[in-house]
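Each residue of the sequence shown is one higher than the one before, counting from 358 in this note's numbering. Built from N, CA and C at the ideal position, the CB exists for glycine as well. Below is one structure; the comments refer to it alone.
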Amino acid sequence: MNKEAIKDHKDLGIYKIAFEAAMKIFELSKKFPVEERYSLTDQIRRSSRSVCANLAEAWRKRRYEAAFVAKLNDCEAEAAETQTWIEFAVKCNYMNVEVGREVYANYNQVLSGLVNMINNPSPWLRNH
């Protein structure tokens, strides 16, 4: 990816994928049973949105490698948590298996990008 073309976190491919996936989860979760409102629905929405929020925070912490990587690690954890909630939604028959696989795969893409950034943060850091 061309680093010069990235002006803020919203330009990152993994941010775009995570944001679209979070919006898809929001739409899908509107159909979850009302008794799940304060459990699965809230949890899957919170963790999916948190991936994006933590990525935005990480982007602003690029002056400090340790802080940047720590926030990316938070992102990674939230993405993995979201995948777990997707599995529950599918197993509970709240989400179609194929749709669940598609959204789960989106988070695999996000996780792959995050791991690459965590393992090689130098190109992303700001030096001033």
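| Asked | Found |
| --- | --- |
| Can you tell which of 391, 438, 422, 380 has the C-alpha that lies nearest to the C-alpha of residue 484? | 422 |
| Terminal residues of the continuous alpha helix (DSSP H) containing residue 368? | First-last for residue 368: undefined, no H or E at that position. |
| Label residue 441 either buried or exposed according to how many other C-beta atoms from any shown protein chain fall within 10 Å of its C-beta, with 16 as the threshold for buried. | exposed |
| Are the CB atoms of residue 401 and residue 313 within a distance shorter than 8 Å? | The question about residue 313 has no answer here: the residues shown for the chain are numbered 358 through 485. |
| If you drop the 5 nearest sequence neighbours on each side, which residues of the same chain put their C-beta closer than 8 Å to that of residue 466? | 371, 374 |
| Go ahead and pull the three-state DSSP assignment for residue 449. | coil |
| Run through DSSP, which three-state label would residue 358 get? | Residue placement at residue 358 is poorly supported in this model, since its pLDDT is 46, which falls under 50; the coordinates still yield a value, given next. Residue state, collapsed to three classes: coil. |
| Could you work out which residue in 396, 406, 418, 479 is closest to residue 445 when comparing CA atoms only? | 396 |
| Taking the alpha carbon of residue 553 as the reference point, which residue from 384, 398, 403 has its own alpha carbon closest? | The displayed coordinates of the chain run from 358 to 485. Any statement about residue 553 would go beyond what the structure contains. |
| Within the same chain, show all residues whose beta-carbon is closer than 7 Å to that of residue 464, passing over the 5 residues directly before and after it, in chain order. | 378, 436, 439, 440 |
| May I have the straight-line CA-CA distance separating residue 449 from residue 420, to the nearest angstrom? | 43 Å |
| If we ignore side chains and look at the alpha-carbon of each, how far apart do residue 411 and residue 434 end up? | 10 Å |
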